[in-house]
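*Asks:* Sharing a structure below in C-alpha cells format, with a few things to ask.
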Amino acid sequence: MIVDSVLTNAKAYLNKEVVDCSIAIENGRIFKIGKETQMPNADEKTNLRSMLVLPGLIDVHVHLRDEGKAYKEDFYTGTAAAAGGGFTTVLDMPNNAPVTMSKETLKNRMRIAESRVLVNVGFYSEFPNNLGDIASIVAEGAVGFKLFMAHQVGGLNIDDDDALQEAFTETGGLGVPVAVHAEDKALLMANGERLKRTNRHDTTAFLQAHSERVELKAVERLLEISAQTGVRLHFCHMTTKQGLKAVIEAKKSGRNVTCEVTPQHLLLSNADFERYGLMLTMMPPLRGESHIQALWKGIADGWVDVLGSDHAPHALSEKSAGSVWDVKVGVPGLETTLPLMLTMVRKNRMSLARVVQLLSEKPAEIFNLKDRGSLAHGRKADLTVVDFNQKFRIDASTFHSKAKYSPFDGWEVQGRPVKTFVNGLLVMDEQAIVAKGGSGIIIRGDHA
Ligand SMILES: [Zn+2]
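If you're matching positions, the sequence shown starts at 221 in our numbering and goes up one per residue.
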C-alpha cells in the first residue's frame, strides 16, 4: 500500500513521553507511528529533522469576528494566525455581528467560514431568547454555549435566575458544555457608575470597577443556580484567587466544572496595565501578584484545565480612546500563546506534559472533539511541529492576524511552531501559509 505521506525523524509526544519515530498519514488520519524502517511507501516524504511533534493544539477561546466585524479579523486571517501559532482547531465565540444565537445565524456563519478557514473551526452559540430553540442550535452543530455575565449579549436574560436555571437544565440534558464569562453585571455597573460620577476615566478606575468581588460574585451565583441541573460549566479566563478558589472548592465537592486561564493573566499584571496603558485593557482585567501566583499554583496543582488565548482582535484605533470606558477590550493571542508557554517550560515554570494537557488533551475532552487531542493510530492527523530550540523576538508587525500589536511585542522567547498539519495537510511551513482557505473543516458538535 502507498499512503499519502510519511514524516520521518520526528520527536513525537506520545503517552507522556517524547519518542523518536516516524508518522504515516493516510486520508487525513494517523495511519502508523513507528520506526522509519516500518513505514509504508508514501507519495510524499518529509524529514522533520528531530523537531518536536505535539498533538495539534486546540484553542477553545477565540474571537474570529468576520461578518459585520471583518475589519477586525476574518475567517482567513484569524485561522492563518491560528496556523502560525501552531493551533489546528479553534472554537469561535458568538459575540459577532450578528450575534450567533439561532439556528440561522449559526448555519450562515458556518457557510461563510467553510471556504475560508485554514484550520478546523467549531462554533459557540449564545443562548437564544426562546429556550425552546436550544435543541435546534445544538442539532445544527454548536460545540457549546457561551454565557456572558458582564452585560447582556445573547437572548437569555442574565438577570433572571430561573431562566438561567432552565437553560442549564436543557444544556445539561443535551450534554453540551456552557462556557461562562464570570463577571457580575449588577456589581460591575454599580461600580462603573459610581466612578464615572466622579469623572474617573483612568486605568485604575477600570480595575476598581472590575473588582475581585465582581468575578467571585458571578462564579458563586452560577455555581448555585446550576447546582441541580447537570450542566457542564466551563469558567473562561479565571483571574482572581477568590474566584479560582470557589471553582476549586466546587471541583473538590464533585461538581462537573472546568476552568481556563490565559497567558496574559499569567504573565502580565495590573502594574503593567497602569504603566503601558489602554492597549492592555481586557475583561476580566490584569491582576496583582498574589492573584497571578494563585493562577500558577492552580496550574501546578492540576486544578486549571485549559489555557485559552482569548484571541480578541480589534482595529488599533479601537485600542486607544479618550476614556478607558470606551476602549475595546482584549488583545490578539493566537500567535504568542505557544512560544510564551514553551518559554515557561524552558524556565521550569511548567512541564511540557502540562502544556500538552492544557492546550490539546483537555480542550478535546471538555468539548467532545473526538479523534483529536493526542497522537495515536486512527486519530486525525492534526500535528503541531515545534522547534524547541529556536530563540526569537515576538514581532507583532509580522502577525497573520489583522491585529498587528501585542502586549508581548518585543519579548524574547524560545520555542517556535514551524509546521502545522491540519487533517494531514501542511497548512503552515516556517511561518508561511502554504494551503488555501477551506483546508480546515467545520467541526459540528458531537454530544452524547
Ligand atoms: Zn473572549
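Glycine is no exception: its CB is placed at the ideal position from the N, C-alpha and C atoms.
May I have all residues whose beta carbon comes closer than 6 Å to any heavy atom of ligand 1, sorted in chain order?
*Replies:* The filter returns His281, His283, Met313, Asp530, Ala532, in chain order.
*Asks:* Give the DSSP-derived three-state secondary structure of Asp666 in the structure shown.
*Replies:* Residue state, collapsed to three classes: coil.
*Asks:* Going by DSSP, name the residue or residues bridged to His401.
*Replies:* Partner(s): Phe368.
*Asks:* Please identify the residue among Leu394, Glu346, Thr309, Val319 whose C-alpha is closest to the C-alpha of Leu338.
*Replies:* Residue Thr309 is the option with its Cα nearest to Leu338.
*Asks:* Taking the straight line between their C-alpha atoms, what separation do you get for His283 and Pro637?
*Replies:* In a straight line, the C-alpha of His283 is about 21 Å away from that of Pro637.
*Asks:* Spatial neighbours of Asp530 within its chain, please: C-beta separation below 7 Å, excluding the five flanking residues on both sides.
*Replies:* Same-chain partners within the cutoff: His281, His457, Thr482, Gly550, Gly553.
*Asks:* Specify, as a first and last residue, the run of the beta strand (DSSP E) that Lys656 falls within.
*Replies:* Careful: Lys656 lies outside any beta strand (DSSP E) and carries neither H nor E.
*Asks:* Keeping to the same chain, check which residues put their C-beta closer than 7 Å to that of Ala596; ignore five residues upstream and five downstream.
*Replies:* Only Ile250 meet the Cβ criterion.
*Asks:* Just the C-alpha distance for Glu494 and Ala655, rounded to the nearest angstrom, thanks.
*Replies:* Using only the alpha carbons, I get a separation of about 41 Å.
*Asks:* Measure the C-alpha to C-alpha separation of Asn315 and Ala262 and round it to an integer number of angstroms.
*Replies:* Rounded to whole angstroms, Asn315 to Ala262 spans 44 Å at the Cα level.
*Asks:* Looking only at its chain, what residues have a beta carbon closer than 6 Å to the beta carbon of Lys252, apart from the 5 residues adjacent to it on each side?
*Replies:* Correct list, in chain order: Ala244.
*Asks:* In this structure, what does DSSP give as the bridge partners for Gln634?
*Replies:* In the DSSP output, where bridge partners are listed per residue, Gln634 has Lys611.
*Asks:* For Gly392, which beta-bridge partners are listed by DSSP?
*Replies:* BP columns for Gly392 are empty, so no partner.
*Asks:* I think Gly342 touches Phe612, with their Cβ atoms under 8 Å apart; what is that distance to the nearest whole Å?
*Replies:* Contact flag wrong, Cβ pair sits at about 30 Å.
*Asks:* Helix or strand or just coil, what does DSSP make of Ser580?
*Replies:* Correct three-state label for Ser580: helix.
*Asks:* My assumption, with CB atoms under 8 Å, is that Pro504 sits in contact with Ser621. Please give the rounded CB distance.
*Replies:* Pro504 to Ser621, Cβ: 22 Å. No contact.
*Asks:* Can you list, in chain order, the stretches of the beta strand (DSSP E) that have 3 or more residues and sit fully within the stretch 299 to 372?
*Replies:* Within the stretch 299 to 372, the complete beta strand (DSSP E) runs of at least 3 residues are 307 to 312, 340 to 346, 364 to 368.
*Asks:* Out of curiosity, what's the CA-to-CA distance linking Lys472 and Ala402?
*Replies:* C-alpha separation (whole angstroms): 20 Å.
*Asks:* Classify Tyr233: buried if its beta carbon has 16 or more other beta carbons within 10 angstroms, exposed otherwise.
*Replies:* Tyr233 should be labelled buried.
*Asks:* Here's a check: name, in chain order, each residue in its chain whose Cβ is nearer than 8 Å to the Cβ of Glu650, leaving out the five neighbours to either side.
*Replies:* Once the five neighbours on either side are set aside, the close Cβ partners of Glu650 are Val638, Lys639.
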